[in-house]
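S.K.:
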Amino acid sequence: MSVRGIRIWRRNDARFQPSILVEKNGVDGSLLFQGGAIATLDSDSTEVERRSYQKIVDSYGLLGVLAITKDESVLVAVTGVLSVGQLYGADILKITNVEFISLRTFGSVENIDSRIVDLQRLLSSQIFYFSSLQSYDLTRSAQHRDSHDGSDARFFWNRSLHFSFQRYGIETDKWLLKCMAGSVLVRVVYVGANTGRVALISRLSCERVGTRFNVRGANYLGNVANFVETEQLLLFEEKECSLLQIRGSIPLFWEQPGVQVGSHKVKLRAFETSLPAYHRHLSQLQHRYGEFAMVNLLGRKEGERVLSEAFKTQHKNSHFAPIVDFIEFDYHAQMKISKEAIVQLKKKLSPHMQKHGFFYSMNKDIIKRQSGVIRTNCLDCLDRTNAVQTAIGLQMSHDQVAFLNLNAGKVNVEQRVEEILKDLWQKTGDQCSTIYAGTGALDGKSKLKDASRSLARTIQNNLMDGAKQESFDLFLTGAAYDPRLFDRACNLLPPSLIQEYADAVSQLVERSPEIAEPQAVKIFVGTWNVNGGKNIHNVAFRNESSLSHWIFSNSMTRLVSVEDEQMADIVAIGVEELVDLNASNMVKASTTNQRLWCESIRKTLAEKAPFVLIGSEQLVGVCLFLFARPRISPYLKDFAVASVKTGMGGATGNKGSVAFRIVVFSTSICFICSHFAAGQNEIKDRNEDFSTTLKKIRFPLGRDIESHDVIFWFGDFNYRISLSGEDVKTAVRNGDLSRLVEYDQLTQQKAQGMTFVGFNEGQLTFAPTYKYDTFSDDYDTSEKCRAPAWTDRVLWKDQRNKGKTLLVSYDRSELKTSDHRPVGAVFMVDTYKVDGKKCVELIEDVVESMGPPDGTIIVNVVGKDRFPPQMFPPIHEKLKELGAIVQLSKFENGELWIVLNSGEMALAALSMDGLTIGGERVQVRLRSPDWSYALKPHLSDFDLEAFEVSAEEENLISGADGAVFEFADEDEDTISMLSMTQLGSTPDRPRPPSARSEAISMANLEWPTERQDVLSTSMPTRASSASLANSSWYEHVPPLAPPVTHPAPSQTNNNKNPGYFFDPFTQSAPNSAPPVSSVPLPPIRSVSTGPTPPAIPLRRAPPPPPPRPIIPPRPKNI
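Following the numbering used here, the numbering of the sequence shown begins with 1189 at its first residue and continues without gaps.
1) Grab me the residues of S1736's own chain with a C-beta within less than 7 Å of its C-beta, minus the 5 sequence neighbours each way, in chain order.
2) Using the rule of at least 16 other Cβ atoms within 10 Å of the residue's Cβ for burial, across every protein chain shown, is M1744 buried or exposed?
3) Let's test the definition: count the other Cβ atoms within 10 Å of the Cβ of N1407 and tell me whether it reaches 16, buried, or not, exposed.
4) Check whether the Cβ atoms of C1367 and F1441 lie closer than 9 Å to each other.
5) Measure the beta-carbon distance from F1947 to W1984 and round it to whole angstroms, keeping in mind my assumption that it falls under 8 Å.
6) Would V1763 and F1813 be called neighbours here (beta carbons separated by less than 9 Å)?
7) Skipping 5 residues on each side, what residues in its chain have a beta carbon closer than 7 Å to that of S1910?
8) Tell me where the alpha helix (DSSP H) around L2030 begins and ends.
9) Please state if the CB of I1438 and the CB of G1405 are separated by a distance shorter than 9 Å.
10) With DSSP as the reference, please indicate the residues paired to Q1420 in a beta bridge.
11) Can you tell me the Cα-Cα spacing of E1490 and S1821, whole angstroms?
12) Here's a check: name, in chain order, each residue in its chain whose Cβ is nearer than 6 Å to the Cβ of E1211, leaving out the five neighbours to either side.
13) Look at the Cβ atom of D1826, then the Cβ atom of C1678, and state whether they are nearer than 9 Å.
14) Could you pull the start and end residues of the alpha helix (DSSP H) that Y1519 belongs to?
15) Determine the direct distance from the alpha carbon of Y1958 to that of D1968, and round the result to whole angstroms.
16) Please state whether the Cβ-Cβ distance between G1721 and W1738 is less than 9 Å.
17) Taking only the alpha-carbon atoms, compute the straight-line gap between L1495 and L1685 and give it to the nearest angstrom.
18) Per the DSSP calculation, A1255 is bridged to which residue(s)?
19) Quick one: residues in its chain with C-beta nearer than 8 Å to the C-beta of P1206, no 5 flanking neighbours on either side, listed in chain order?
20) Quick check: the Cα distance between W1345 and S1339, rounded to an integer number of angstroms?
21) Which same chain residues end up closer than 6 Å to A2096 when comparing Cβ atoms and leaving out the 5 residues on each side of it in sequence?
22) Just checking my contact of R1699 with V2035 at CB under 8 Å: how many whole Å lie between their CB atoms?
23) Measure from the alpha carbon of Q1322 to the alpha carbon of each residue in I2063, Q1314, D1279 and V1916, then state which is nearest.
24) For a quick check, are the C-beta atoms of V1253 and V1264 less than 9 Å apart?
25) Could you tell me the distance, in whole angstroms, from the CA atom of D1301 to the CA atom of R1309?
26) Starting from the C-beta of V1416, find all residues in its chain whose C-beta is less than 8 Å away, skip the five residues before and the five after it, and write them out in chain order.
27) What first and last residue would you give for the beta strand (DSSP E) that runs through P1706?
28) T2044 lies in the alpha helix (DSSP H); which residues open and close that run?
29) How big is the Cα-Cα spacing for T1564 and C1429?
30) Does DSSP classify D1337 as helix, strand or coil?
31) Identify whether L1882 lies in helix, strand or coil by the three-state DSSP scheme.
32) From which residue to which residue does the beta strand (DSSP E) around K1212 run?
33) Decide if Y1241 is buried, meaning its Cβ has at least 16 other Cβ atoms within 10 Å, or exposed.
34) Can the beta-carbon of L1807 be found closer than 9 Å to that of S1788?
35) Relative to the alpha-carbon of E2080, which residue among G2102, T2104, S2090 and R2054 has its alpha-carbon at the smallest distance?
36) By Cβ distance, which residues of its chain are closer than 7 Å to A1668, with the 5 residues on each side in sequence left out?
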């Protein structure tokens, strides 16, 4: 395919809205892009229309239409290719350059969006391939080509770019390419007078794609990072042999943050949370490949040992253990002993290779199929994995050559094939490594070469991976949605639906209560400034209370039973000043206190019920811990971490914030722990710290804090009381806290709309929490004698309907090892569990109610063979009366085709059928009258695992024994994976060294259980939303205004109900811009044009002129 068979034209007449015309060799007619719609034109109309257009580029093919913003879409054209060989009569082409053509503006799209430059660099990086013939689909292996399921969505990278064409009924096989990412290598081998081909095709999955340190492990759907299916293909005459192998990241929840050389610490999430994802991943492999065996090449050093042990333990606990062999081989250690060690591994794998076999066909008749695959992994699934897969491929190549009978009477054919495959495996390893890590593979043959590539990987990870990751995300998901809507849709709906039925997403989200059942989740949120943690060990000598009297304080126990079934489901604890905020800690903070506190908290929780650690993150002195009950862990997904420094204008981390985001069932929750600027009068600095955190905290896919359903923001905000120290102490002694609230800086700033706009806080019924003399009930008696203040706070914001998040308790505790007192709050949050069957039913209902996706009507005039052009203006006026906007119109076969702005408008336009308009009776019909029937098969094929947890997975969680973990060293990463079940287990269970350590921690001590509260209040219990709905306490909760994008400042609340308090806020709805009146372009007509005008600089098109009578092209004389 050396000829650029696609010609792309643009109309540069600024009087009309931008239009693009596309012609293709061998295809009759053309494609017209106008007003966001796509239509086909016949040859005659194309000839006439092209006269007013100017050719802008020739292309080898189109990838499709990509939405880069809500209002801007681009046509992606391939303008540079290299041929890598031929397979099945088709040229296999590597993409070397692409061009983006704006469909909504004039001029270069690169000037509109800076991300386009990075995306163009990615698509031109020679990692994407396509076939010149539609008969050969590169996304499918030889064994699966006879499947009737179409292309393999895992490897069909531009699938979402086809959706716009499918919406308008365009034959994508005729106009668009299907591209895969990875590597395609083809070599010719001569066998006597005949030629055969040896190919190696590595298909990279697009289901969880990303760069090395941005994407690791599995997601909740069971998709793993760097999943590659490699096909070793031998073709000779009419015979073919195909061998499949797969590689992929370890299917657990883990990450490897940081890009400093030698400091890539492996961090794992709780054992129980990974079980559903692990089960789904292996189930998918079984469904797609049949039998499989897993080869783990991880070593015993650093974090690899922790990850390897977790992998092995997870497999032992899985029901796949009896049927899937788990083979361990420490590649680095064994190869250091002997280069022949891999022979021993091949002996272990030989029974599987012989049993699985390979695919073989002759004259298109399938003789045998491959019955299983070998799944290989190391840490990155790059260098070691490629070496082992090479060994397997070379060994199986002998059998492939024998089946093809290439050795009959020929000399050295088998040896030549083996030499070719060695070269191809080395090159495909380099290509896969370049995509994931930025450089070629490390082969161990040259230390200097490997060292230079390691250094290049480090530079790549530091400087370029962020932009590359963003480009991957933009290409695969587009950016056609409001971030808030996109996030809600991702939580509620199957992933494939969001792009395929983009127009239905907003309605589906609005009607989400119809498909989701409320699930009340109890959440404890606590914050404590521990003053450097310096007194963490000597509290044993101060008769202090244990952590349980903070997390399960007296007021809490009166409110919430500590029986197992009434315990909090999620516990979020933020600690400030975990380490001394000195210069050395700001450069590299010690994690010793983090590990000690994490172990103390988890042991405290285990006294009441089993918990698992979801995440732990430290930013100098700020540390956030998140725990959850094992029973809810299968319903937790999309966990992510973000942090921001705010000290010294963002230069240092002595002040800053750590944030977690997680989705519970289908409800997104964000936890932020912050430490703001200190000082009695530094109010402005604290407000700026809040604004900086709100602005700079970013999670994957561009999610920010405000994109979540529920937000909990807590920490040492350092807002003071604007009174003298003596006045504050007197008010505390007299119990006159209401006077102090009037002078509380945070309350004042919220009321003025300067900070925490739209956030709520419980009533301050407890004494100020700062500043105390350590181990004392006395406020600061030092020389500075700081005025007491409520520096430690817990606020929340629910952006859904009122009453979805209710405060049960807000109080302080009397732990005295710091100059602050800890604060805790208990919430009941209504989360929503999606019912898969109801979801499919709703999708069908919404899609049917929205009308045909193409929004196209066909208009005739009764008694006329051809539609009179003079009838178009009155038809257009009638459509305007109905509120419809014409995006595109054309004459075809004597009929008027009109594309409207939505399917609903197309249904409304049917009311014109039979009316007399302009003195003529018109007939109106839909172009796609059976659209709902055509969509139903797609809807029924959705994988419900995308948003449901099966009973089998729930049983896996309940039967899991996280206590089987036991490690021999004091690796600090161990803390991130130990299960809380072992902390609450019987003494004979094995425990990690940290649990057996003799070091004293706060939770290990038997301290007095009595608590001396300065102030305490009694509140009713809220066990569930249903019970609260009938309670008087619930009726006292003031209503909250609905969430909007820009809330107005909070208003004063007069609710005096003690112990629980909602701070209502008023919000004005954002200004809604009226719909822009759009005058459509008249149907396509013949236009007399002069010389081609010069290119017009980039600018938005002005409104088109009013329509006028159109004369369609005359039919040619025969």
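Glycine residues also receive a C-beta, built at the ideal position from the N, C-alpha and C atoms.
M.R.: A quick look at the data gives this:
1) As a first step, residue 1736 must be located in the sequence shown, where it is residue number 548. Excluding residues within five positions, the ones whose Cβ falls inside 7 Å are T1792 and E1795.
2) Numbered from its first residue, the sequence shown carries residue 1744 at position 556. Residue confidence for M1744 is low, a pLDDT of 46 falling below 50, so the modelled location carries little weight and cannot support an answer.
3) Position 219 of the sequence shown, counted from the first residue, corresponds to residue 1407. N1407 should be labelled buried.
4) Here residue 1367 refers to the residue found at position 179 when the sequence shown is read from its first residue. Here residue 1441 refers to the residue found at position 253 when the sequence shown is read from its first residue. Contact: no.
5) Locating residue 1947 in the sequence shown gives position 759, where the first residue counts as 1. Locating residue 1984 in the sequence shown gives position 796, where the first residue counts as 1. That belief holds up - the Cβ atoms of F1947 and W1984 are roughly 7 Å apart, short of 8 Å.
6) Counting from 1 along the sequence shown, the entry for residue 1763 is found at position 575. Counting from 1 along the sequence shown, the entry for residue 1813 is found at position 625. Against a cut-off of 9 Å, the Cβ pair of F1813 and V1763 comes out as a contact.
7) For this step, residue 1910 is matched to residue 722 along the sequence shown. Excluding sequence neighbours, S1910 sits near Y1931 and Q1933.
8) Translated into positions along the sequence shown, residue 2030 becomes position 842. G2024 to S2037 is the span of the alpha helix (DSSP H), which, as asked, contains L2030.
9) Counted from its first residue, the sequence shown places residue 1405 at position 217. Counted from its first residue, the sequence shown places residue 1438 at position 250. Yes, they are a contact pair.
10) Reading the sequence shown from its first residue, position 232 is the one you call residue 1420. For Q1420, which the question treats as bridged, DSSP gives the partners L1388 and L1431.
11) Within the sequence shown, numbered from 1, the residue matching residue 1490 stands at position 302. Within the sequence shown, numbered from 1, the residue matching residue 1821 stands at position 633. Near 27 Å, if we compare the C-alpha coordinates of S1821 and E1490.
12) Position 23 of the sequence shown holds residue 1211. Cβ within range, chain order: R1195 and S1218.
13) Taking the sequence shown and counting its residues from 1, one reaches residue 1826 at position 638. Taking the sequence shown and counting its residues from 1, one reaches residue 1678 at position 490. Yes, the Cβ-Cβ distance between D1826 and C1678 is below 9 Å.
14) Taking the first residue of the sequence shown as position 1, residue 1519 is located at position 331. Where Y1519 is concerned, the enclosing alpha helix (DSSP H) stretches over Y1519 to I1525.
15) As a working note, residue 1968 is residue 780 in the sequence shown. As a working note, residue 1958 is residue 770 in the sequence shown. Each residue's Cα considered, the two are about 8 Å apart.
16) For this step, residue 1721 is matched to residue 533 along the sequence shown. For this step, residue 1738 is matched to residue 550 along the sequence shown. No, they are not a contact pair.
17) For the purposes of this step, residue 1495 is identified with residue 307 of the sequence shown, where counting begins at 1. For the purposes of this step, residue 1685 is identified with residue 497 of the sequence shown, where counting begins at 1. Rounded to whole angstroms, L1495 to L1685 spans 34 Å at the Cα level.
18) Position 67 of the sequence shown, counted from the first residue, corresponds to residue 1255. In the DSSP output, where bridge partners are listed per residue, A1255 has S1261.
19) Taking the sequence shown and counting its residues from 1, one reaches residue 1206 at position 18. Closer than 8 Å at Cβ, skipping near neighbours: R1198, R1199, Q1222, S1290, L1291, R1292, T1293, F1294 and A2289.
20) Mapped onto the sequence shown, residue 1345 falls at position 157. Mapped onto the sequence shown, residue 1339 falls at position 151. For W1345 and S1339, the distance between alpha carbons rounds to 10 Å.
21) As a first step, residue 2096 is located in the sequence shown; it is residue number 908 there, counting from the start. Hits under 6 Å: L2070.
22) What you label residue 1699 is simply residue 511 of the sequence shown in a count that begins at 1. What you label residue 2035 is simply residue 847 of the sequence shown in a count that begins at 1. The Cβ separation is near 12 Å, so there is no contact.
23) If you number the sequence shown from 1, residue 1322 lands on position 134. Per the Cα distances, D1279.
24) On the sequence shown, residue 1253 is found 65 positions in, with the first residue counted as 1. On the sequence shown, residue 1264 is found 76 positions in, with the first residue counted as 1. Yes, the pair counts as a contact, with Cβ atoms nearer than the cut-off.
25) Taking the first residue of the sequence shown as 1, we reach residue 1301 at position 113. Taking the first residue of the sequence shown as 1, we reach residue 1309 at position 121. When rounded, the distance between both Cα atoms is 14 Å.
26) As a working mapping, residue 1416 is identified with position 228 in the sequence shown. G1370, S1390, R1391, L1392, S1393, I1434, R1435, G1436, C1569 and C1620, listed in sequence order.
27) Position 518 of the sequence shown, counting from 1, holds the residue named residue 1706. A1704 to N1717 is the span of the beta strand (DSSP E), which, as asked, contains P1706.
28) Position 856 of the sequence shown, counted from the first residue, corresponds to residue 2044. Careful: T2044 lies outside any alpha helix (DSSP H), inside the beta strand (DSSP E) at T2044 to V2049.
29) Within the sequence shown, the letter at position 376 stands for residue 1564. Within the sequence shown, the letter at position 241 stands for residue 1429. Cα-Cα distance, rounded: 21 Å.
30) Start at 1 with the first residue of the sequence shown, and residue 1337 comes out as number 149. Three-state result, D1337: coil.
31) Working through the sequence shown from its first residue, we reach residue 1882 at position 694. In the structure shown, L1882 sits in a helix (DSSP, three-state: H, G or I).
32) Numbered from 1 along the sequence shown, position 24 holds the residue referred to as residue 1212. S1207 to K1212 is the span of the beta strand (DSSP E), which, as asked, contains K1212.
33) Working through the sequence shown from its first residue, we reach residue 1241 at position 53. Buried: at least 16 other Cβ atoms inside 10 Å.
34) Here residue 1807 corresponds to residue number 619 of the sequence shown, with the count starting at 1. Here residue 1788 corresponds to residue number 600 of the sequence shown, with the count starting at 1. No, these two residues do not count as a Cβ contact at 9 Å.
35) Residue numbering aside, residue 2080 sits at position 892 when the sequence shown is read from its first letter. Cα-wise, what sits closest to E2080 is R2054.
36) Within the sequence shown, residue 1668 is the residue found at index 480, counting from 1. Here the set comprises A1255, K1258 and A1690.
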